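What follows is a single structure, written as structure tokens, with notes after it.
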Amino acid sequence: MLADATVTLIFTILGYVLGGAFLGLTAGGVLYSLYLTVRMAGVFPLGLRYASSRIINLVAVVGVAIGVAAVIVVMSVMNGFISEQRKLIRGSLADLSILPAPRNHDTDGRPSMPGSFDEYKKILDGTPHVVAIAPRFVWVALLFPPDTLNKFNLARRGSDFIVQLIGIDPEAEKKVSNFNSWIGPIKENEAGASTEERLIYQMVNDPADPLAKFSHPGSISKESMIVGVVLARNIKLKKGTRVEIVTFSPQSTREKHDTPNMFCDIAGMLHTQEQEFDSHSVIVTIPALQKLLSEEASDFTEIIVKLDDYKNADAARIEIGRRLKAAGLLSARGYSVLPTDVPLTETDLYRREIHTWEDQKATFLRAVENERGILGFIVFVVVVVAAFIQFAILSMMVTEKTRDIGILSTLGGSGGEILAVFVDVGLAITTSGAALGLGLALVVSANLNKIDDFIEFATGNRIFDPDVYFLKSIPSEIDWIQVLCILGLTLGAGVLSSLFPAWRASRLHPARALRYE
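FYI, in my numbering the residues of the sequence shown are 517 to 1033.
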């Protein structure tokens, strides 16, 4: 463990040193080339003439342009995917979720919440940055559909029948989450739903009372439930179908356990754009879930919170934690897995019981950041390759122009002026290529979906399949800070690659240069 940490530290330091050295050389090279260009302005036309007189230089411009365009397009698509995926993974998650640690077991051996939802609501009303709160009672169960359940399905697809029962207060839920949009129609351009899911989706009868009981002539009305559209697709559920819910309820730590069950009618379906949630979630009312579990002590297992601005999440977490801890409704013990000698910040004390949506999706978000790092490395490699190409071209130019360099020196041209000529050539190639690449990238990024349609029309193959990525179109989001960094790195690499050939040209002896064949 210590060895791994040491190796990581060494590579981190090495990365910072190499990165800092590269940035320092780049900045120094750019400043020096600009200084030469300004000071030796008289030789600039000659540099432009050299840059435009050879076809190979135009090839270099095109190469730089294609490299810059490819990097910008790839980064913009990656940014678009990351942005859309962040929206999709958030799905059903609220800004904050409060999950208080249960109190000690009661006389029957059952753990209970530190207080009722009303007690929490009294404390949290008026808390800075808190707009609304809502209770949720979450439980795990098995869902038994009458038509599709048999021993073969249960043996082969048992996990499809495991569901997460979420008891809600519909009116409170609507104020905190996007519940109204979840049970509304699926919009044409909405991400997160496949073509098949759009076809089978069925809305509730009355969005104002989504969990109203069905009226069945000749039979007793049962509780209603709303199922995720992916769950409905996987196990072939339809609106109006009556299903059985079976779960496990530990009534006591000393007595035998219960396996309660209840029948529910499917009132409709929901879609949150988050596939994982839509494939295992069933929405019922909190009283229905309490009745199933014979649960009277607790009326929630978590409280979801809506903030005025998610940027205030950390400040809101600390304030909520302070108030609930003072009222005895939060343990605020921090992470028990951490060593006792590790100092905890106030945020750490509340992080175990008060989660942001990013805390709950931390693994995925870390993976996304790793992808950003990989793309950053790819950008660096592309820039280095472009720099080597330009270095080779300028080295060839210096060799070909050896006699011209000798003539310039004989006519009174100084080493600094000759150096400036070839630095200007490098600047002209790099700047022209970067500008052309930027324009090409903007055009391609704005027409990615039209390009995809044309490729499908011409070849019959579609590059981007909406049902694979759960997006209706190729996302593209240009980050101008990234674009400026890419252009800056390209310009810096181009200047650095031109400095050595230019310095070599400035050091040629006039007599030897004139004798060159």
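Heads up, the beta-carbon is just placed ideally off N, CA and C, and yes, glycines get one too.
Because the structure is a prediction, the values reported are computed rather than measured.
Below 9 Å between beta carbons: does that hold for residue i and residue j?
| i | j | result |
| --- | --- | --- |
| Leu-727 | Ile-751 | no |
| Val-589 | Ala-902 | no |
| Ile-598 | Arg-888 | yes |
| Ile-990 | Val-746 | no |
| Ser-693 | Ala-748 | no |
| Pro-776 | Leu-808 | yes |
| Leu-1040 | Val-533 | Nothing can be reported for residue 1040: it is not among the residues displayed for the chain, which extend from 517 to 1033. |
| Phe-907 | Ser-1013 | yes |
| Ile-934 | Gly-1010 | no |
| Ala-950 | Leu-1007 | yes |
| Ile-684 | Val-800 | yes |
| Met-778 | Glu-739 | yes |
| Arg-839 | Ile-971 | no |
| Ser-608 | Ser-814 | no |
| Glu-885 | Asn-595 | no |
| Val-578 | Leu-952 | yes |
Could you check whether the Cβ of residue i sits closer than 9 Å to any Cβ belonging to chain B?
| i | result |
| --- | --- |
| Gly-784 | Of the chains in the structure shown, none is chain B; there is only one protein chain. |
What does the alpha-carbon distance come out to for the pair residue i and residue j?
| i | j | result |
| --- | --- | --- |
| Ile-1002 | Trp-1019 | 26 Å |
| Val-960 | Leu-1005 | 21 Å |
| Val-720 | Leu-891 | 44 Å |
| Val-580 | Ala-883 | 30 Å |
| Ser-1038 | Ile-834 | Any property of residue 1038 remains undetermined from this structure, which presents the chain solely from 517 to 1033. |
| Gly-784 | Leu-881 | 32 Å |
| Val-999 | Val-895 | 11 Å |
| Phe-730 | Ile-782 | 9 Å |
| Ala-586 | Gly-976 | 24 Å |
| Gly-700 | Leu-786 | 8 Å |
| Pro-644 | Gly-837 | 12 Å |
| Phe-633 | Asp-641 | 12 Å |
| Thr-817 | Leu-845 | 13 Å |
| Leu-943 | Ser-697 | 54 Å |
| Ser-948 | Val-575 | 11 Å |
| Val-939 | Leu-910 | 9 Å |
| Lys-841 | Ile-870 | 12 Å |
| Val-914 | Phe-1016 | 10 Å |
| Val-759 | Ala-831 | 44 Å |
| Val-559 | Val-941 | Its pLDDT being 49, under 50, Val-559 is placed unreliably in this model, and the value from its coordinates should be taken loosely. About 11 Å. |
| Phe-764 | Ala-657 | 7 Å |
| Gln-791 | Tyr-636 | 31 Å |
| Pro-618 | Gly-744 | 29 Å |
| Arg-714 | Ile-979 | 22 Å |
| Glu-712 | Tyr-866 | 42 Å |
Is it buried or exposed for residue i, if we count other Cβ within 10 angstroms and need 16 for buried?
| i | result |
| --- | --- |
| Ile-529 | exposed |
| Asp-825 | exposed |
| Gly-756 | exposed |
| Leu-659 | buried |
| Phe-653 | buried |
| Lys-690 | buried |
| Arg-794 | In the sequence on display, residue 794 carries Asp and not Arg. Looking at its Cβ environment, which holds 16 or more other Cβ atoms inside 10 Å, Asp-794 is buried. |
| Leu-854 | Its pLDDT being 48, under 50, Leu-854 is placed unreliably by the model, and nothing is read from it. |
| Thr-769 | With a pLDDT of 49 at Thr-769, under the threshold of 50, the predicted position of this residue should be treated as unreliable, and no value is reported. |
| Ile-997 | exposed |
| Ser-737 | exposed |
| Glu-969 | Before going on, a small fix: residue 969 reads as Asp here, not Glu. Classification for Asp-969: exposed. |
| Ala-724 | exposed |
| Ile-572 | exposed |
| Pro-661 | buried |
| Glu-687 | exposed |
| Ser-852 | Because the pLDDT at Ser-852 is just 49, under 50, the model does not fix this residue reliably, and the value given afterwards should be weighed accordingly. So Ser-852 ends up on the exposed side. |
| Ile-682 | buried |
| Ala-557 | Confidence at Ala-557 is low in this model, with a pLDDT of 49, below 50, so the placement of that residue should be treated as unreliable; the coordinate-derived value is given next. By the 10 Å Cβ count, Ala-557 comes out exposed. |
| Thr-788 | buried |
| Ile-819 | buried |
Have a look at the DSSP bridge pairing and note the partners of residue i.
| i | result |
| --- | --- |
| Asn-777 | Val-762 |
| Phe-653 | Gly-683 |
| Ser-693 | The partner list for Ser-693 (beta bridge, DSSP) is empty, contrary to what the question assumes. |
| Thr-801 | Ile-684 |
| Ile-614 | Ile-819, Ile-870 |
| Ala-648 | Lys-822 |
| Met-741 | Ile-782 |
| Leu-658 | Ile-678, Val-762 |
Is residue i close to the ligand FMN? I mean its beta-carbon at under 8 Å from any heavy atom of the ligand.
| i | result |
| --- | --- |
| Val-914 | As presented, the structure is devoid of all ligands, the ligand FMN included, so that no description of it is given. |
- [ ] Examine the Cβ distances between the segment 608-617 and the segment 866-876 and report whether three or more of them are shorter than 8 Å.
- [x] By the Cβ criterion, the segment 608-617 is in contact with the segment 866-876, since at least three pairs of Cβ atoms, one from each stretch, lie closer than 8 Å.
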